[in-house]
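Protein chains in written order, with the numbering used here: chain L, 1 to 509; chain S, 1001 to 1331; chain E, 2001 to 2147.
A virtual CB, placed ideally from N, CA and C, is assigned to each residue, including glycine.
Just so it is clear, the structure is predicted and the values come from calculations on it, not from any experiment.
Following: one structure in structure tokens, then a few remarks.
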Amino acid sequence: MAETLQNLALGFSVALQPSVLLYAFVGCVIGTLVGVLPGVGPLAGISLLLPATFGLTATNAIVMLAGIYYGAMYGGSTTSILMRIPGEAASVMTCIDGYAMARKGRAGAALAIAAIGSFVAGTVSVIALMLLAPPLASFALRFGPPEYFALLLLGLLVLAYMSGGSMAKSLVMAVLGLLLGMVGIDQMSGYFRFAYGLVELGDGLGVVPIAVGLFGIAEVLATAGQEVPPTVLKPKLRELLPSRAEWRDSVMPIGRGTGLGFLIGIIPGSAHIISSFVSYAVERRLSRHPEEFGKGAVAGVAGPESANNSATSGAFVPMLALGVPSGPIPAVMLAALMVHGVSPGPLLITQQPELFWGFIASMYVGNLMLLALNLPMVGIFVNVLRIPYSLLYPSIIMFCVVGVYAVNGSVVDVWIALIMGALGYILRKLGFETAPIVLGAVLAPMIELALRQSLAMSDGRYSIFVSRPISGTLLAFGAALVLFNLVSWVVRGLDWRRRIPLDEKGENL
Amino acid sequence: MTRLRLILPLLALAALVAGVPIQPAVAQEPYPSRPISLVVPFPPGGVADLTARPVAAAVEKALKQPVGVVNKTGAAGAVGMQFVATSKPDGYTLLLALSSISIIPEADKLFGRPPAFTVDQFAPVALISADPTILAVRTESAWKTAKEFIEDAKKRPNQISYSSSGIYGTLHMAMELLSHGAGIKLRHVPYAGAGPALTALLGGHVDALASGPSVVLPQIKAGKLRALAGWGDKRVASLPDIPTFKELGYPEAEFYIWAGLFAPKGTPEPVLAKLREAARAGVADPEFKAAMDRLQTPIAFKQGEEFRKFFEADARRLADGVRKVGRVEQK
Amino acid sequence: MLTTDRIGGSALCLLALFVMWESRALPLGTLRHPGPGYFPVLLAALLLILGALVWAVGGGTPHVAGVGWGEARHAVVILAVSAFIGLSLERFGYRLTMLAALLFLVWLVERRSLLAAAAFAFALSFGSYYLFDTLLRVPLPRGSFGI
Chain L
1 MAETLQNLAL GFSVALQPSV LLYAFVGCVI GTLVGVLPGV GPLAGISLLL PATFGLTATN
61 AIVMLAGIYY GAMYGGSTTS ILMRIPGEAA SVMTCIDGYA MARKGRAGAA LAIAAIGSFV
121 AGTVSVIALM LLAPPLASFA LRFGPPEYFA LLLLGLLVLA YMSGGSMAKS LVMAVLGLLL
181 GMVGIDQMSG YFRFAYGLVE LGDGLGVVPI AVGLFGIAEV LATAGQEVPP TVLKPKLREL
241 LPSRAEWRDS VMPIGRGTGL GFLIGIIPGS AHIISSFVSY AVERRLSRHP EEFGKGAVAG
301 VAGPESANNS ATSGAFVPML ALGVPSGPIP AVMLAALMVH GVSPGPLLIT QQPELFWGFI
361 ASMYVGNLML LALNLPMVGI FVNVLRIPYS LLYPSIIMFC VVGVYAVNGS VVDVWIALIM
421 GALGYILRKL GFETAPIVLG AVLAPMIELA LRQSLAMSDG RYSIFVSRPI SGTLLAFGAA
481 LVLFNLVSWV VRGLDWRRRI PLDEKGENL
Chain S
1001 MTRLRLILPL LALAALVAGV PIQPAVAQEP YPSRPISLVV PFPPGGVADL TARPVAAAVE
1061 KALKQPVGVV NKTGAAGAVG MQFVATSKPD GYTLLLALSS ISIIPEADKL FGRPPAFTVD
1121 QFAPVALISA DPTILAVRTE SAWKTAKEFI EDAKKRPNQI SYSSSGIYGT LHMAMELLSH
1181 GAGIKLRHVP YAGAGPALTA LLGGHVDALA SGPSVVLPQI KAGKLRALAG WGDKRVASLP
1241 DIPTFKELGY PEAEFYIWAG LFAPKGTPEP VLAKLREAAR AGVADPEFKA AMDRLQTPIA
1301 FKQGEEFRKF FEADARRLAD GVRKVGRVEQ K
Chain E
2001 MLTTDRIGGS ALCLLALFVM WESRALPLGT LRHPGPGYFP VLLAALLLIL GALVWAVGGG
2061 TPHVAGVGWG EARHAVVILA VSAFIGLSLE RFGYRLTMLA ALLFLVWLVE RRSLLAAAAF
2121 AFALSFGSYY LFDTLLRVPL PRGSFGI
């Protein structure tokens, strides 16, 4: 412990140097901008600015990139809450309750809770990162394909908790999402599936076009032609901050979201979007007022937003402790290190203590900076809602196009978003929920790959799932969950669920 | 709103769209007179991307025009490669490709689909680097030399597993060349990229991995992985004790993850000549050398006839390898 | 009969059949070694069953016309403009495409004054291009005229 404090002191001495502070600040600002703009997520931001970091020192470069990453996570909630457009794929869940809160005039509260939740989650998870990085990383390495499969299967079960309304209708949307995830090159055999000759579809439809289309564009299509333009209650300054009740409601979700997000983030390769889905489902399940979810439940914003941010820190654990990229964003950051001649690997922590501890310290500082940046901006952001909708929605369409195009520089992505937008509109009118589609599209390729990899590893024997301790435990847990719920489902009946849809039906918004 | 108000302008827009083609008209100026795009078909931060940026900087110095790196990712590189194959051969759109450029069209042929592009659609400019692949296993595993590994594989066919960056990818093909050359059968577990493939080896989920040296060197230094042999013509500079498969008696196991500069076919010869000159000057640039050193990637410059011979031999080897692998699903 | 759930359910069933048809070229493999066609067919079968279930139980939901399609015409126009954007992004380049699209939407569809609409469209399209392409270095398409 004393050694850790000493190291932390070293880290702060590095992080509080003016140049490092400056780059952290620049990173946070750029990240917030990047996050606020719909569709342009942290990966795009980091990749585009990677070349700009080549001229900096290693510490400055990595601090700036991490700042962008964090900032994007903070900023992504803004468009989700104000315009129901996911700032990046991981903010999809915030779109649901965050936007509903905004409609009720509680936009300021939602933004503030998202910012504070992100701050708490960010800080706590950095502490965990600092103290637990090496042992956690070794644990995370033991997650192989069978463990992924078991974990993702649990993730699918989560879908059952996301739904209000007809179980069949949510399930069918989930299956639709799973099918959409099948488009692309099959990693195991090399076949192109459902690509119709378009090479751009080789990596699948893409979570960003699907999410932006189903939520952002569909929202515009459904709202733009309304006879009466959407009325937005203009909050007074006092009402910008959350009420005492809202604070109370957000404490536990923030705590749970932090823990959950961090754990999911550590596992290499898992998508962070899952952390927000799982958090949402857990909050809904544990809530005393589950019928509020979908209509502006505070927990529906606090939980997913915290989960998001702590998953970000979690993702750094394998990267720093082992030099192993746990996803595309850590991969870019590892590359940044390599370019500066720092070879990432298990020895990084011991060989480059200034870098590692400086990085950790700057994350504390960064979280503080982002909170300081975002909270005062709440007032400014809320004013975006005052723009007449007839001017707002063309801008929304424009931002959606830019955001989606920016991911791959491909017009095909823009078309996917547009088609998804039309589909989302029709589904809304017909009373189907669109969130399960996104989850399905994200999970499908991962689950299928994990299953087939596991079978390749074991040469076709299914026993591999039970013979390995971690996957066996996860599967047993899942089976227990299913059994428990079947029992309580039968006992409690479907009444209250049938009456409360996740999303509004029709147009009475 | 009345229908007519909107329909007329909509029709006008449609007519505009129909009337204008996507490719711009030809311009005639001395080359180069505009910024040049270097298309990298892989995501930022990967081996290709990190090699491309110093190349772009070096060529920019030589040609005195900005050279911008454009990442056009997708389908293991096919998207970016197809993009350059079909772009105007005026020297303003170039490609930094990895050895997979020879693999992808073969794989397409294997599956009977119209190829995304063909190797003939490119004019090779220069070879920049050629990383020999090395065989890595965990230090805890029983094999201390490549010989032990191969003998064990012969005794237990289809029991030893290895990870790769994807089916028909560079890391997969390297292993396949070895398997065919040594007469062994290994179990292949494809992963989505080189990063996950490395993670799988470190985590003990597979037994071996064919990888570019820069990725595994830190792990070897930290004592987590052991290198057994290399697929190169010569030993890797940073691993002088590791023999090559050629030395061990398996000459078919020759594989490089190389990066080369290409232009679309039909680019005028004077432009190509200028590009070759720029590449040669760029590779000699000390800043470029320093950048490549930091990346632990050895420079292996070849151009003109030499590159073409290397490229064609490599392409033939890989095409053979792909055909031998065949369609996995039919086995 | 034409209730929302009935229409949704039958559409999904049709989609499921379409997917199964399109997967006919993909090898199914075996249970021990699933091939590329395995999961799509499995999911399509699941979709078929669930879609049929939704159809069967869906008699009680509101009739399609009763849902209220007031904004549909507006939505169609927006979609048409979006299609124009998709087709023109790489022909005309980002700035010109957005200028035309925004102008169309704000002036003709939303009936604002030409001057206000033009100013808005110009500012937003060129301004966003500057923000993204120049400042944030997100390459946006330039189109055949090089703009």
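CB contact below 8 Å: residue i versus chain S
{"i": "Ala2148 of chain E", "result": "The displayed coordinates of chain E run from 2001 to 2147. Any statement about residue 2148 of chain E would go beyond what the structure contains."}
{"i": "Pro2139 of chain E", "result": "yes"}
{"i": "Ala2100 of chain E", "result": "yes"}
{"i": "Phe2084 of chain E", "result": "yes"}
{"i": "Phe2104 of chain E", "result": "yes"}
{"i": "Ala2080 of chain E", "result": "yes"}
{"i": "Tyr196 of chain L", "result": "no"}
Residue i in three-state terms, based on DSSP
{"i": "His1188 of chain S", "result": "strand"}
{"i": "Lys1299 of chain S", "result": "For the sequence presented, residue 1299 of chain S should be read as Ile rather than Lys. Strand at Ile1299 of chain S."}
{"i": "Tyr74 of chain L", "result": "helix"}
{"i": "Asp1131 of chain S", "result": "strand"}
{"i": "Pro1268 of chain S", "result": "coil"}
{"i": "Tyr2094 of chain E", "result": "helix"}
{"i": "Tyr1162 of chain S", "result": "strand"}
{"i": "Tyr405 of chain L", "result": "helix"}
{"i": "Ile2007 of chain E", "result": "helix"}
{"i": "Thr1093 of chain S", "result": "strand"}
{"i": "Val317 of chain L", "result": "helix"}
{"i": "Val324 of chain L", "result": "coil"}
{"i": "Ile85 of chain L", "result": "coil"}
{"i": "Arg193 of chain L", "result": "strand"}
{"i": "Gly2060 of chain E", "result": "helix"}
Short CB-CB distance (under 8 Å) between residue i and chain E
{"i": "Pro1009 of chain S", "result": "yes"}
{"i": "Val404 of chain L", "result": "no"}
{"i": "Phe432 of chain L", "result": "yes"}
{"i": "Asp249 of chain L", "result": "no"}
{"i": "Val199 of chain L", "result": "no"}
{"i": "Glu283 of chain L", "result": "no"}
{"i": "Ile397 of chain L", "result": "yes"}
Residue burial classification, residue i (beta-carbon count within 10 angstroms, cutoff 16)
{"i": "Asn383 of chain L", "result": "exposed"}
{"i": "Val490 of chain L", "result": "exposed"}
{"i": "Ala174 of chain L", "result": "buried"}
{"i": "Tyr196 of chain L", "result": "exposed"}
{"i": "Thr1093 of chain S", "result": "buried"}
Cβ neighbours of residue i in the same chain (closer than 6 Å, five flanking residues each side left out)
{"i": "Leu1095 of chain S", "result": "Val1039, Val1084, Phe1262"}
{"i": "Met130 of chain L", "result": "Ile360"}
{"i": "Ser410 of chain L", "result": "Glu200"}
Proximity test, Cβ basis, 8 Å: residue i and chain L
{"i": "Ser1161 of chain S", "result": "yes"}
{"i": "Gly1212 of chain S", "result": "no"}
{"i": "Ala2044 of chain E", "result": "yes"}
Bounding residues of the alpha helix (DSSP H) (the contiguous stretch that carries residue i)
{"i": "Ile1333 of chain S", "result": "Only positions 1001 to 1331 of chain S appear in this structure, which leaves residue 1333 of chain S out of reach."}
{"i": "Leu1225 of chain S", "result": "That residue, Leu1225 of chain S, is in no alpha helix (DSSP H); its beta strand (DSSP E) goes 1225–1230."}
{"i": "Ser1179 of chain S", "result": "1170–1182"}
{"i": "Ala1237 of chain S", "result": "From DSSP, Ala1237 of chain S is part of no alpha helix (DSSP H); its letter is neither H nor E."}
{"i": "Trp357 of chain L", "result": "353–383"}
{"i": "Ile447 of chain L", "result": "435–458"}
{"i": "Thr32 of chain L", "result": "18–36"}
Proximal residues to residue i (C-beta, below 7 Å), its chain only, five neighbours per side dropped
{"i": "Ile2007 of chain E", "result": "Val2064"}
{"i": "Lys1079 of chain S", "result": "It is worth fixing the name first, because residue 1079 of chain S is Val in this sequence and not Lys. Cβ neighbours of Val1079 of chain S beyond the five flanking positions: Pro1041, Lys1072, Thr1073."}
{"i": "Pro1054 of chain S", "result": "Phe1288, Ala1291, Met1292"}
Cut-off 8 Å between Cβ atoms - residues of its own chain near residue i, not counting five sequence neighbours on either side
{"i": "His289 of chain L", "result": "Ala297"}
heavy atom of the ligand COA below 7 Å from residue i C-beta
{"i": "Phe1245 of chain S", "result": "Here there are no bound small molecules, and the ligand COA is not part of this structure."}
Residue i, enclosing beta strand (DSSP E) - first and last residue
{"i": "Leu260 of chain L", "result": "Taken as a continuous stretch (DSSP letters only), Leu260 of chain L belongs to no beta strand (DSSP E), being part of the alpha helix (DSSP H) at 244–266."}
{"i": "Ala1208 of chain S", "result": "1208–1211"}
{"i": "Val1067 of chain S", "result": "1067–1071"}
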